[in-house]
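Undergrad: Each protein sequence line maps, in turn, to chains A and B.
Using my numbering, the letters of the first sequence map in sequence onto residues 1141 to 1335.
Using my numbering, the letters of the second sequence map in sequence onto residues 933 to 1348.
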Amino acid sequence: MTRVWKFSDAINTDLITPGRYNMTTDMAELGRIAFIEHRPEYAKGVKSGDFLVAGRNFGCGSSRETAVYALKANGVTALVAKSYARIFYRNCINNGVMALVAPADFVDRTQDGDEMAIEGDRLVNRTRKLSTPVSIPPLMQKLRQTGGILNFLKTHKIEELESDAGTGEAELPAGVGKGPATKRGLKVGRKKRQS
Amino acid sequence: MSGQTLAQKILSAHAGRPLNAGDLAVVNVDYVLAHDTTCAWAIEPFQQIATQVFDPAKIKIFFDHAYPAPSAAAAGLQSKIRKFASAQGIPIITDGVCHQVMAERFLEPNTVLAGADSHTPTGGGTGALCMGFGSTDAAVAMATGKIWTRVPGTIRINLEGKLHAGAYPKDVILSIAKDLSAEGANYKVVEFGGSAISTFDVPSRMTLTNMCAEIGAKTGIVPADDRTAEYLKRQGRYHPFERLRSDEDAQFEQVLTYDLSKIEPTVACPPDIDKDVPVTSVAGTPITQVFLGSCTNCRIEDLEVAYKILKGKKIAPGLKFIVTPASRQVYEQALERGYLSEFSRMGAVLAPPGCGACLGRHMGVLDDDDVCVSTSNRNFTGRMGSPKAKIYLASPATAAASALEGKLADPRKYLK
């Protein structure tokens, strides 16, 4: 079976591959340091095909691509989160890593150790009998199929990516952020200069 | 169709076609930035797709994250990068934090920088569109001179009024972070404006744009104006530039207005950037280290603020006080003005220009029991060392006042 490794909101790249440990360009070594301080049992226990399920703003923080390499090195099937930080998300797309956005309810009800699988076009939590549709943006799909942007560029020009208009970085799911504040004399207007 | 935002205009000019929010575009970049960590990871990807970089003059490689190398592993990565750079005809720059040096020497208004570092938005203080990417994107940009990007929407933040003594640009951006949250600007551009933006010089603007990375933004930008021209003249490299602005009918996703007179000295409490409180509510918290450094807040203007508070006084006994000027230029200015000798006399550790203690790799790594007041941009768990250590982010003034007391302190009492 393939299991879930559940993580919280705001898992930053310093937690995935801390700056003090990622002084290497060796993929296998990076796989071993994934969550080395945050969750030391992860790298020892994770198996190819497992799922990593997290809350909001997964991968926030530094641009270090080692965070994606480390997760990829361990062969997870997919990352599943409520939302992603943009550089991390791009790094996933470029590396052909499946980074899925799932509804908050699906993530919240999923527990560490649950059995998860992709069945057809649905992501299924077999333990909780939950499922949600899998929607992979075309650009992510294309770069997954070609094995990442580097492989793509061996046979295509970068301009050819433009044909996937509107499918690059995910748009922010609705309702993200604390919303506009009104404290300290802060005035808020939306689309004020719209004509 | 509505008008374009500043970021959309810059991206359109670099794509050779009009772009609006949501478009997927491949754009030309004017500069590519990588450093001793991210460049190491870009070499092998680069070699998979190219043999020569698109233009060595447009690629800037810095050693700043851990320079001079603190370990054999770091030295090994730097050797690997040196060989690559040398073969490509690219000089290695070792004169401080990449973002600071990019602003001092290279960036011009309305240009596009693809930087393999999350704090690339710092350069937006010069009116350039500076976006952070990973190493693979850096490799692609070095090979092709291009980057794929989704054209972002823009959040406009207007600054009005005047800051009171003791409140600084850092307090402004921490207040914004509190309101928007660590993901409130995800995938967006933050554009600063309002009548008070003309009172912010370029170094102050860089503190604002630097921390746009911490609220998830693709970048932050301040439209170039007289202050930008003044900065470029001071750096001896002014060329007339077009004063691009967002169109009157541009659609912003959000417009926020801040009354600067309401901004107080603010501290981001561990371990989140958006856990911001007035310094008064945490004043008295014992600390063990003060880090005056980073691309956020260690320009000469920042050192001047700290110097004025600290001059002739003593730092708290036993406190580790680390001063890391952002660049060699800043270091030399601080030497000439006597700031560094005064900091040294007080017992500060003067570190070479670079990222220093900010990312916990060397020169000020924290232990379990350490509590640090830092002028940098991240207070994540484990960011500066032990995951048990605590990091409070603050302005240089608050950091200096805290260094005197050995506790988190309100800088206003030292400004009278």
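Beta carbons are placed, not taken as given, at the ideal position from N, Cα and C, and that holds for glycine.
Just so it is clear, the structure is predicted and the values come from calculations on it, not from any experiment.
Can you confirm whether Pro1277 of chain A, when its beta carbon is compared against all beta carbons of chain B, has any partner nearer than 7 Å?
TA: In the first sequence, residue 1277 of chain A corresponds to position 137, counting from 1. False, the Cβ-Cβ gap to chain B never drops below 7 Å.
Undergrad: Mind checking whether Ala1232 of chain B and Ala1289 of chain B have CB atoms under 7 Å apart?
TA: In the second sequence, counting from the first residue as 1, residue 1232 of chain B sits at position 300. In the second sequence, counting from the first residue as 1, residue 1289 of chain B sits at position 357. Note that residue 1232 of chain B is Ile in the sequence shown here, rather than Ala. It is not a contact, given that the beta carbons lie outside the stated cut-off.
Undergrad: Can you give me, in chain order, the residues of the stretch 1003-1028 of chain B that have a beta carbon less than 9 Å from any beta carbon in chain A?
TA: Here the close residues are Ser1003, Ala1005, Ala1006, Gly1008, Leu1009, Lys1012.
Undergrad: Determine the contact status of Pro1000 of chain B and His1294 of chain B, defining contact as a CB-CB distance below 7 Å.
TA: The count along the second sequence starts at 1 and reaches residue 1000 of chain B at position 68. The count along the second sequence starts at 1 and reaches residue 1294 of chain B at position 362. Result no, Cβ atoms of Pro1000 of chain B and His1294 of chain B do not sit closer than 7 Å.
Undergrad: What do you reckon, are the CB atoms on Val961 of chain B and Ala1071 of chain B nearer than 7 Å?
TA: Position 29 of the second sequence, counted from the start, is the residue given in the question as residue 961 of chain B. Position 139 of the second sequence, counted from the start, is the residue given in the question as residue 1071 of chain B. Taking 7 Å as the Cβ cut-off, Val961 of chain B and Ala1071 of chain B do not qualify as a contacting pair.
Undergrad: In the structure shown, what three-state DSSP assignment does Glu1268 of chain B receive?
TA: Position 336 of the second sequence, counted from the start, is the residue given in the question as residue 1268 of chain B. In the structure shown, Glu1268 of chain B sits in a helix (DSSP, three-state: H, G or I).
Undergrad: Quick one: list the residues of chain B neighbouring Gly1159 of chain A, beta-carbon separation under 7 Å, in chain order.
TA: As a position in the first sequence, residue 1159 of chain A is number 19, starting the count at 1. By Cβ distance, chain B contributes Leu1291, Gly1292, Arg1293.
Undergrad: How should His967 of chain B be labelled, buried or exposed, when 16 other C-beta atoms within 10 angstroms of its C-beta is the threshold for buried?
TA: Residue 967 of chain B sits at position 35 when you count from the first residue of the second sequence. Buried, since its Cβ has 16 or more Cβ neighbours within 10 Å.
Undergrad: Quick check on the DSSP output: the alpha helix (DSSP H) that includes Glu1337 of chain B runs from which residue to which?
TA: Indexing the second sequence from 1 puts residue 1337 of chain B at position 405. Taken as a continuous stretch (DSSP letters only), the alpha helix (DSSP H) holding Glu1337 of chain B covers 1328-1337.
Undergrad: Report the CB separation of Gly1292 of chain B from Gly1317 of chain B in whole angstroms; it is logged as a contact under 8 Å.
TA: Counting from one through the second sequence, the residue named residue 1292 of chain B turns up at place 360. Counting from one through the second sequence, the residue named residue 1317 of chain B turns up at place 385. Right, their Cβ atoms sit about 5 Å apart.
Undergrad: So the beta strand (DSSP E) Asn960 of chain B belongs to, where does it begin and stop?
TA: The count along the second sequence starts at 1 and reaches residue 960 of chain B at position 28. Segment 956-960, the beta strand (DSSP E) holding Asn960 of chain B.
Undergrad: Please check if any C-beta of chain B sits within less than 7 Å of the C-beta of Thr1295 of chain A.
TA: Here residue 1295 of chain A refers to the residue found at position 155 when the first sequence is read from its first residue. Not closer than 7 Å to any Cβ of chain B, the Cβ of Thr1295 of chain A fails to qualify, so no.
Undergrad: Taking Glu976 of chain B as the query, report the chain A residues whose CB atoms sit under 9 Å from its CB, ordered along the chain.
TA: The count along the second sequence starts at 1 and reaches residue 976 of chain B at position 44. Per Cβ cutoff of 9 Å: Thr1165.
Undergrad: Give, in chain order, every unbroken run of the alpha helix (DSSP H) that is at least 4 residues long and sits entirely within the stretch 1244-1320 of chain B.
TA: 1260-1268, 1271-1277, all fully within the stretch 1244-1320 of chain B.
Undergrad: In the stretch 955-972 of chain B, which residues sit with their C-beta less than 8 Å from some C-beta in chain A, listed in chain order?
TA: Residues Asp955, Leu956, Ala957, Val958, Thr969, Thr970, Ala972.
Undergrad: Taking the alpha-carbon of Tyr963 of chain B as reference, which of B:Trp973, B:Leu1039, B:Leu1340 has the nearest alpha-carbon?
TA: Indexing the second sequence from 1 puts residue 963 of chain B at position 31. It is B:Leu1039 whose Cα lies nearest to the Cα of Tyr963 of chain B.
Undergrad: If we cut at 7 Å on Cβ distances, does Thr1330 of chain B have a partner in chain A?
TA: Taking the second sequence and counting its residues from 1, the one referred to as residue 1330 of chain B is at position 398. Chain A, which has no Cβ nearer than 7 Å to the Cβ of Thr1330 of chain B, makes this no.
Undergrad: Check whether the Cβ of Glu1115 of chain B lies closer than 7 Å to any Cβ atom in chain A.
TA: Along the second sequence, one-based indexing puts residue 1115 of chain B at 183. Closer than 7 Å to some Cβ of chain A, the Cβ of Glu1115 of chain B qualifies, so yes.
Undergrad: List, in chain order, every chain A residue whose beta-carbon is nearer than 7 Å to that of Ile981 of chain B.
TA: In the second sequence, the residue the question calls residue 981 of chain B occupies position 49. Near Ile981 of chain B (Cβ distances below 7 Å), the residues of chain A are Leu1290, Leu1293, Lys1294.
Undergrad: Cα separation between Asp1254 of chain A and Arg1143 of chain A?
TA: Within the first sequence, the letter at position 114 stands for residue 1254 of chain A. Within the first sequence, the letter at position 3 stands for residue 1143 of chain A. One C-alpha to the other measures close to 6 Å.
Undergrad: For Lys1194 of chain B, name the three-state secondary structure that DSSP assigns.
TA: In the second sequence, the residue the question calls residue 1194 of chain B occupies position 262. Note: Lys1194 of chain B maps to helix in three-state DSSP.
Undergrad: Helix, strand or coil: how does DSSP classify Asp1208 of chain B here?
TA: As a position in the second sequence, residue 1208 of chain B is number 276, starting the count at 1. Looking at Asp1208 of chain B - three-state DSSP - the assignment turns out to be strand.
Undergrad: Using a C-beta cutoff of 7 Å, does Ile1227 of chain A count as contacting chain B?
TA: Counting from one through the first sequence, the residue named residue 1227 of chain A turns up at place 87. Judged by the 7 Å Cβ criterion, Ile1227 of chain A is in contact with chain B.
Undergrad: Which two residues bound the contiguous beta strand (DSSP E) that contains Lys1078 of chain B?
TA: Sequence index remark: in the second sequence, residue 1078 of chain B carries index 146 (1-based). Counting along the chain, the beta strand (DSSP E) containing Lys1078 of chain B begins and ends at 1078-1082.
Undergrad: Within the same chain, show all residues whose beta-carbon is closer than 8 Å to that of Ala1097 of chain B, passing over the 5 residues directly before and after it, in chain order.
TA: As a position in the second sequence, residue 1097 of chain B is number 165, starting the count at 1. Arg1344, Leu1347.
Undergrad: Arg1016 of chain B to Ala1213 of chain A, Cα distance in whole Å?
TA: Locating residue 1016 of chain B in the second sequence gives position 84, counting from the first residue. Locating residue 1213 of chain A in the first sequence gives position 73, counting from the first residue. Reading off the sequence shown, one finds Phe at residue 1016 of chain B, where the question assumed Arg. Between Phe1016 of chain B and Ala1213 of chain A, the C-alpha separation is close to 25 Å.
Undergrad: Which of helix, strand or coil does DSSP assign to Glu1311 of chain A?
TA: Reading the first sequence from its first residue, position 171 is the one you call residue 1311 of chain A. Confidence in Glu1311 of chain A is poor, its pLDDT being 39 and thus under 50, which makes the residue's placement unreliable; the coordinate value appears in the next sentence. It is coil, neither helix nor strand.
Undergrad: Under a Cβ-count criterion, where at least 16 other Cβ atoms within 10 Å of its own Cβ denotes burial, should Leu1155 of chain A be classed as buried or exposed?
TA: The residue you call residue 1155 of chain A lines up with position 15 of the first sequence. Per the 10 Å Cβ criterion, buried.
Undergrad: To be precise: take each residue of the stretch 1305-1322 of chain B, compare its Cβ to all Cβ atoms of chain A, and keep it if any distance is under 8 Å. Which residues remain?
TA: Correct list: Arg1310, Phe1312, Thr1313, Gly1314, Arg1315, Gly1317, Pro1319.
Undergrad: Measuring only between beta-carbons, confirm whether Gly1054 of chain B sits less than 7 Å from chain A.
TA: Along the second sequence, read from residue 1 onward, the residue named residue 1054 of chain B stands at position 122. Looking at the sequence shown, residue 1054 of chain B is not Gly but Thr. No - not a single Cβ of chain A is within 7 Å of the one on Thr1054 of chain B.
Undergrad: Mark Lys990 of chain B as exposed unless 16 or more other C-beta atoms lie within 10 angstroms of its C-beta, in which case mark it buried.
TA: Working through the second sequence from its first residue, we reach residue 990 of chain B at position 58. Buried, by the Cβ-count rule.
Undergrad: I'd like to know if Leu1192 of chain A contacts chain B, where contact means its C-beta is closer than 7 Å to some C-beta of that chain.
TA: The residue given as residue 1192 of chain A occupies position 52 in the first sequence. Chain B, which has no Cβ nearer than 7 Å to the Cβ of Leu1192 of chain A, makes this no.
Undergrad: Which residues in the same chain as Ala1321 of chain B place their Cβ atom closer than 6 Å to its Cβ, once the five residues preceding and following it in sequence are excluded?
TA: As a position in the second sequence, residue 1321 of chain B is number 389, starting the count at 1. Taken in chain order, the residues that qualify are Leu1298, Asp1302.
Undergrad: Would you please verify whether the beta carbon of Leu1170 of chain A is less than 7 Å from any beta carbon of chain B?
TA: Within the first sequence, the letter at position 30 stands for residue 1170 of chain A. Not one chain B Cβ lies under 7 Å of Leu1170 of chain A.
Undergrad: Does the pairing of the stretch 1077-1093 of chain B with the stretch 1184-1194 of chain B give three or more beta-carbon distances under 8 Å?
TA: The stretch 1077-1093 of chain B is in contact with the stretch 1184-1194 of chain B.
Undergrad: Would you call Pro1178 of chain B buried or exposed, if buried means 16 or more other Cβ atoms sit within 10 Å of its Cβ?
TA: For this step, residue 1178 of chain B is matched to residue 246 along the second sequence. The sequence given here places Ser at residue 1178 of chain B; Pro does not occur at that position. Answer is buried; the Cβ neighbour count reaches 16.
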